[in-house]
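Numbered per our numbering, the sequence shown spans residues 800 to 879. Note that beta-carbon positions come from the ideal geometry of N, C-alpha and C, so glycine has one too.
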Amino acid sequence: MNIEMENQLSCNVSIITEKIDDKLVYLARCEELGISDFGDTIEEALKHLKTSLNLLIKYDSSKAEPLKKMQPLFTTRLFL
800 MNIEMENQLS CNVSIITEKI DDKLVYLARC EELGISDFGD TIEEALKHLK
850 TSLNLLIKYD SSKAEPLKKM QPLFTTRLFL
């Protein structure tokens with residue numbers, strides 16, 4: 800693993816659709832911190848989430864700690 804990758808933060812993101820005022824939007828959620836943001840497209844939702852996370856970390860650097868791991872322990876989806 801190169802040094803640049805070791806210094807990067809990462810998080811698991813869930814994306815769902817949600818209806819707001821009869822309009823379908825995409826909701827992106829950082830699972831580690833419980834922070835979410837939305838957009839009209841998946842790309843826009845991810846961009847807004849990244850901005851929100853950067854602002855959060857800028858003003859509270861302790862929030863970066865859970866984002867220092869590079870790989871999720873386990874990822875799955877359950878259908879009930």
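Bridge partners of Glu817 according to DSSP: Val824. Residue burial annotation: Ser835 is buried, with at least 16 other C-beta atoms found within 10 angstroms of its C-beta. Counting only runs of at least 4 residues, the segment 840 to 871 fully encloses the following alpha helix (DSSP H) elements, listed from N- to C-terminal order: 841 to 858. Between Ile819 and Ile841, the gap from beta carbon to beta carbon reaches 8 Å or more. Rounded to the nearest angstrom, the gap between the Cα atoms of Lys867 and Val824 is 29 Å.
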